Amino acid sequence: MYDFNFTRSDFPDGFLFGCATSSYQIEGHQFGGAGLTHWDSFAATPGNVVRAENGALACDHYHRFDEDLDLAAAAGFDCYRFSTSWARVLPDGIGSPNAEGLDFYDRLTDAMLERGLKPCATLYHWELPQPLADLGGWRNREIGNWFAEFTHVIMSRIGDRMHSVAPINEPWCVGWLSHFLGHHAPGLRDIRATARAMHHVLLAHGRAIEVMRGLGMSNLGAVFNFEWAEPVDQSPEALAAAETYDAIYNRFFLGGAFKGAYPQAALKGLEPHLPTGWQDDFETITQPVDWCGLNYYTRKVIGSDAGPWPHYAELDGPFPKTQMGWEIYPDGLYHFLTRTAQEYTGDLPLIVTENGMANPDVLRGGAVHDVARIAYVEAHLARVRRALSEGVPVEGYFLWSLLDNYEWALGYEKRFGLVHVDFDTLTRTPKASYDALKRALAN
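With this note's numbering, the residue at position 96 of the sequence shown is 87, and numbering never jumps.
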């Protein structure tokens, strides 16, 4: 038997523990009248996704959500962080809602509440309706209004029962990873598209906050992803490269949302490509939120690159790595919790909205001994406790993920779940980490 080196009593009263999932990664997009997304198109294009796998079936959470929520509740979680599929609710992105989609999220919400789980919604986790992608998607300024419409439709239906809501998961992935690096849908490598997408994702965030405030909703937040950028050495070139990486990845979206300004090191390359009048949007982008969410997994060692801007290169680091090839660097979570509070959010509650590891888990004799995951979570929660001891207002921790699921361009190979999923039979098997966490949270 494996046990964690902490229990619930090591955290303040009211500290919330949760697990997280996302719609396209688990639901089964082929069911319930959902519309085509740009992920379906991306995955159907040879070379984009391992074995051209997609989210058509995923974990079939659409039909099995009772079983999955039973697992979340039995583990002792306080909260369940899920996302809504824009194309499930509005198959064309705008216009007539899909009654089956709205009914599904209605049932899902009630099922959480019946089990004592606080529903924590994310409006958008990367699966843009294809008809809106055809109109330019995140490059088109109109997406702020399209997203506002979607927000109004879905939250008019379930918003009265939400514990918390954040508009968009990981803006860096929506903007940079998908439009500059081309690794996620729509798979572009275009700096002008990137600059516009990065700005418009924040504009859409602000519009969604406005809409939800108009519906009388509270406990609204913003969720960003972070990677600690460590220069490979103390040379001026490496230091400048790490500053640029930090500006693009970590500071651009925080700066926009909380300061109404983008960091100069990011503007150096992006400003010529931003839309006309971008400075005028900060009144919308900086709509006040009630908490800030941090998704953290790893750090990157950064060196300089003589090529075109952004002049940095990601280098191999010395620490042990997860199945994703990501360095295990728990101190990065502590650094981000303290820095975010000091430089951006002040007394605003911080929540670790995602943290976890992919591990090459194998089911043997009906069990998965994922000891590495237990060590990973232990180490990161130790850094949360350290931040708490220094007065950083951390109020929750969400583990990614409840289930092994569709890991985007990496298909079904990378397993992040506390619960093992056999993708042939869809059988769920709790791993050793699940059982250990259940004991820790019950204590």
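Here a beta-carbon is modelled for each residue, glycine too, at the ideal position from N, C-alpha and C. None of these values were measured; they are calculated from a predicted model.
Identify, in the order they occur along the chain, each residue of the same chain with its Cβ nearer than 7 Å to the Cβ of residue 175, setting aside the five sequence neighbours on each side. 117, 164, 168, 169, 399, 400
Could you check the C-alpha separation between residue 345 and residue 284 for me, to the nearest Å? 8 Å
For the 8 Å Cβ check, are there 3 or more pairs between the region 203 to 223 and the region 136 to 150? yes
Check residue 343 in the structure and name its three-state DSSP category. strand
Check each candidate in 272, 248, 182, 291 and name the one with the smallest Cα separation from residue 263. 182
Just tell me which of 29, 103, 94 has its CA closest to the CA of residue 58. 103
For the alpha helix (DSSP H) that residue 40 lies in, which residues bound it at each end? First-last for residue 40: undefined, no H or E at that position.
In the DSSP output, what is residue 390 paired with across the bridge? 10
Residue 223: which of 10, 126, 306, 407 sits nearest, CA to CA? 306
What is the DSSP secondary structure of residue 201, counted as helix, strand or coil? helix
Runs of beta strand (DSSP E) lying entirely within the region 285 to 340, each at least 3 residues, in chain order: 303 to 306
Just grab the DSSP bridge partners of residue 400 for me. Partner(s): none; residue 400 has no beta bridge.
First through last residue of the alpha helix (DSSP H) which encompasses residue 122: 121 to 124
Quick one: what does DSSP say residue 282 is sitting in, helix, strand or coil? strand
Backbone secondary structure at residue 62 - three-state DSSP: helix
Nearest to residue 180 by alpha carbon, out of 130, 136, 387, 134? 130
For residue 123 versus residue 178, is the C-beta spacing smaller than 8 Å? no
Return yes when the Cβ of residue 64 is within less than 8 Å of the Cβ of residue 98, no when it is not. no
Based on the DSSP output, what are the partners of residue 412 in its beta bridges? 419
Less than 8 Å between the C-beta atoms of residue 282 and residue 324, yes or no? no
Quick check on DSSP: helix, strand or coil for residue 135? helix
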